[in-house]
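Residue numbers (numbering that gives the first Met the number 0): 0 to 109.
C-beta atoms are modelled at their ideal positions from N, C-alpha and C, and glycine is treated no differently.
Written out below as structure tokens is the structure these notes cover.
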Amino acid sequence: MSEFSETVYAAVRRIPRGCVATYGQVAEAIGRPRAARYVGFALHNNPHPGMDEDATPCHRVVFKDGSLAPGFGFGGPAAQRRMLEAEGVRFVDESHVDLEKHRVSTLLEQ
DNA sequence: GATCTGACTATCT
DNA sequence: AAGATAGCCAGAT
Numbered sequence: 000m001s002e003f004s005e006t007v008y009a010a011v012r013r014i015p016r017g018c019v020a021t022y023g024q025v026a027e028a029i030g031r032p033r034a035a036r037y038v039g040f041a042l043h044n045n046p047h048p049g050m051d052e053d054a055t056p057c058h059r060v061v062f063k064d065g066s067l068a069p070g071f072g073f074g075g076p077a078a079q080r081r082m083l084e085a086e087g088v089r090f091v092d093e094s095h096v097d098l099e100k101h102r103v104s105t106l107l108e109q
């Protein structure tokens with residue numbers, strides 16, 4: 000696996016439970032603020048989906064407007080929404096998370 | 001090995 | 001305001 004992808008996974012794993020981040024935030028966190036597309040690409044190649052701390056919680060990564068990924072690989076956006084709700088993330092409608100409430104303030108390394 | 005394309009977003013026209 | 005373009009990296013063909 001490329002270093003780029005590993006860095007993406009590391010950043011995604013830093014998203015606190017019950018929070019979400021945009022692709023742009025993740026891209027910024029890994030030092031590639033214009034590489035949001037490849038964040039998504041790396042997640043498409045997701046080695047370990049799930050809610051565990053060790054997994055790569057790609058369901059916490061959403062579009063800048065809070066909508067979910069179109070080609071989600073767990074069983075569709077409905078499954079992603081279910082996982083987010085299970086963590087306490089509120090939805091403004093059935094496919095848009097409440098970014099204002101749950102977007103992480105920062106994803107940068109400590 | 002060159003080319004194409006893709007879970008995005010900001011910027012330009 | 002809406003449509004087009006650029007920018008980034010890696011995997012697939």
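| Asked | Found |
| --- | --- |
| Run the CB neighbour count on Leu-106, radius 10 Å, all protein chains shown included, and call it buried at 16 or more, exposed below. | buried |
| Apart from the five residues on each side of it in sequence, which residues of its chain come closer than 7 angstroms, Cβ to Cβ, to Ile-29? | Thr-6, Val-7, Ala-10 |
| Under the DSSP definition of a beta bridge, which residues are partnered with Cys-95? | Per the sequence presented here, residue 95 reads as His, with Cys not at that position. Bridge partners of His-95: Ser-66, Asp-92. |
| Return the residue from the list Val-25, His-47, Ala-54, Met-0 that minimises the CA-CA distance to Ser-104. | Val-25 |
| Between Val-88, Tyr-37, Ile-14, which has its C-alpha nearest Ser-66's C-alpha? | Val-88 |
| I need the DSSP call for Thr-105, collapsed to helix, strand or coil. | coil |
| Met-82 lies in the alpha helix (DSSP H); which residues open and close that run? | 76-85 |
| Using 10 angstroms around the beta-carbon of His-43, count the other beta-carbons present and answer buried if the total reaches 16, otherwise exposed. | exposed |
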